[in-house]
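Enquirer: Throughout the sequence shown, residue numbering follows the working numbering, covering -7 to 273 in sequence. Cβ coordinates follow ideal geometry from the N, Cα and C atoms, glycine included.
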Amino acid sequence: MHAVLNHNIDLDKPVQLSRGVYWVGGSSGKGGVPANPYLIIDNEEGVLIDGGSRPDFSTVMRKILQTGIAPEQIRYLVYQHYDPDLCGSIPNLEQIIGHKNLRILSKKENIPFIRHYAVQAEILCIDDLNLQLKLASGRRLLFYPTPYAHSAGSFVTLDETSSILFSSDLCGNVAQPDQWKLFAELPDQCLSCHDFSPPGHNPTCPNPQTCIWSLVHQFHREVMPCNRALHHAVQILASINAIMVAPQHGSIFHTREHIQAVYRLLRSFKDIGIDHILGPA
Ligand SMILES: [Fe+2]
Ligand SMILES: [Fe+2]
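(1) Give the DSSP-derived three-state secondary structure of GLY271 in the structure shown.
(2) Pair every Cβ in the region 265 to 273 with every Cβ in the region 188 to 206, then say whether three or more of these pairs are closer than 8 Å.
(3) Across which residues does DSSP place GLU114 in a beta bridge pair?
(4) Evaluate ARG107 with the Cβ neighbour count: other Cβ atoms within 10 Å of its Cβ, from every protein chain shown; 16 or more gives buried, anything less gives exposed.
(5) If GLY12 and ILE32 are in contact, beta carbons under 8 Å, what's the gap, nearest whole angstrom?
(6) With DSSP as the reference, label MET53 as helix, strand or coil.
(7) Report all residues from its chain with a CB closer than 6 Å to the CB of MET(-7); omit the five preceding and five following residues, and keep chain order.
(8) Is it buried or exposed for GLY60, if we count other Cβ within 10 angstroms and need 16 for buried?
(9) Beta carbon of ASP34: closer than 7 Å to some heavy atom of ligand 1?
(10) Distance check for ARG220 and GLN227, CA to CA, integer angstroms please.
(11) May I have the straight-line CA-CA distance separating CYS218 from SER206, to the nearest angstrom?
(12) Which residues bound the alpha helix (DSSP H) around SER206?
(13) Cβ-heavy atom distance between HIS73 and ligand 1 below 7 Å?
(14) From GLN124 to GLU152, what does the alpha carbon distance come to, in whole angstroms?
(15) Can you tell me whether ASN233 is buried or exposed, with buried defined as 16 or more other CB within 10 angstroms of its CB?
(16) For LYS262 and LEU229, I'd like the C-alpha separation in whole angstroms.
(17) Return yes when the C-beta of ASP42 is under 7 Å from any heavy atom of ligand 1, and no when it is not.
(18) Return the chain-ordered list of same chain residues with a C-beta closer than 6 Å to the C-beta of LEU150, the five sequence neighbours on each side being excluded.
(19) Return the residue from the list ILE115, GLN168, ILE251 and SER260 that minimises the CA-CA distance to GLN201.
(20) How many angstroms separate the CA atom of PHE211 from the CA atom of ILE264?
(21) Have a look at GLN240, TYR140, LEU127 and PHE245 and flag the residue whose alpha-carbon is nearest the alpha-carbon of LEU183.
(22) Regarding ALA167 and ligand 2, is the C-beta to nearest heavy atom distance less than 7 Å?
(23) What first and last residue would you give for the alpha helix (DSSP H) that runs through SER260?
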């Protein structure tokens, strides 16, 4: 069933995840890590989440336009931390959106860094907004800080209407370009499997060459700072009632079973970041 879902998707176009919620990801053909910006269109208002890198800007912008929204309808740019793979295109976005009402939203720890990209738009701190953005229709985006997972000011965003959780680098996974799927394909054997060794070293894995768990493990081991920060973040994710988890990199987890399985996996990791280098404390 999940393979059919991916089979019918044209990744050269925006992909609707729920009503008014789109994946507008770039290709990152320039050697960077492929990333997933997301667009929410609510009546006349657009919100772009983790808008993408500079090399991906033209692809992302084309897909935004293909949804039917005009650039000037984008009112908010949300940045869940400050890495270049999500913030690099801020100057391009400011220029094409081009109105004074554009607002950038982020957490206070990120703002001094985001200021190095943003030269026009006013930056609002989500702490001052009570950790939520209320759109004109009343639709709310709720923000949940996940400190040091991986930046001091990292957070994740729940769209209350669709129950989609935009998890930023958390739950990220990066496959080879020819093996990547927008929606994670997890046969039943994978849901209870704990073998996340790299391909070729995972004798009990039912999908030894394309195991998504090994991709999740590798990504978190390299990007997150330590076990404690990751496990704290997973506790926060697990407290959020999401029906889909859409990370900034890799495949989307689109069933509650898949979401529970990926959280379980993240909790089991004991070699993240500095803990991988120094060994357990
Ligand atoms: Fe990051
Ligand atoms: Fe990232």
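Expert: Here's the rundown:
(1) Per DSSP, reduced to three states, the secondary structure at GLY271 is coil, with no helix or strand assignment.
(2) With the cut-off at 8 Å, the region 265 to 273 and the region 188 to 206 do not touch.
(3) Answer by DSSP bridge pairing, in chain order: ARG95.
(4) ARG107 comes out exposed.
(5) Between ILE32 and GLY12 the Cβ distance is about 6 Å, and since that is below 8 Å, they are a contact.
(6) Three-state result, MET53: helix.
(7) Because MET(-7) carries a pLDDT of 41, less than 50, the predicted location of this residue cannot be relied on, and no value is offered for it.
(8) Under a 10 Å Cβ-count criterion, GLY60 is classified as exposed, with fewer than 16 other Cβ atoms of the shown protein chains found around its own Cβ.
(9) No.
(10) Taking the straight line from one Cα to the other gives about 11 Å.
(11) Between CYS218 and SER206, the C-alpha separation is close to 18 Å.
(12) For SER206, the enclosing alpha helix (DSSP H) stretches over residues 204 to 215.
(13) Checking the Cβ of HIS73 against ligand 1 gives yes.
(14) GLN124 and GLU152: Cα-Cα distance of roughly 10 Å.
(15) Exposed, since its Cβ has fewer than 16 Cβ neighbours within 10 Å.
(16) Taking the straight line joining both Cα atoms gives about 18 Å.
(17) ASP42 Cβ: outside cutoff for every heavy atom of ligand 1.
(18) By the criterion of a C-beta distance shorter than 6 Å, LEU150 is surrounded in its chain by LEU134, LEU157 and ILE232, once the five residues flanking it on both sides are discounted.
(19) Relative to GLN201, the option among ILE115, GLN168, ILE251 and SER260 whose CA is nearest is GLN168.
(20) So the two alpha carbons sit approximately 9 Å from each other.
(21) When each option's Cα is compared against that of LEU183, the closest is PHE245.
(22) No, ligand 2 has no heavy atom inside 7 Å of this Cβ.
(23) In the DSSP annotation of this structure, the continuous segment of the alpha helix (DSSP H) that includes SER260 starts and ends at 248 to 260.
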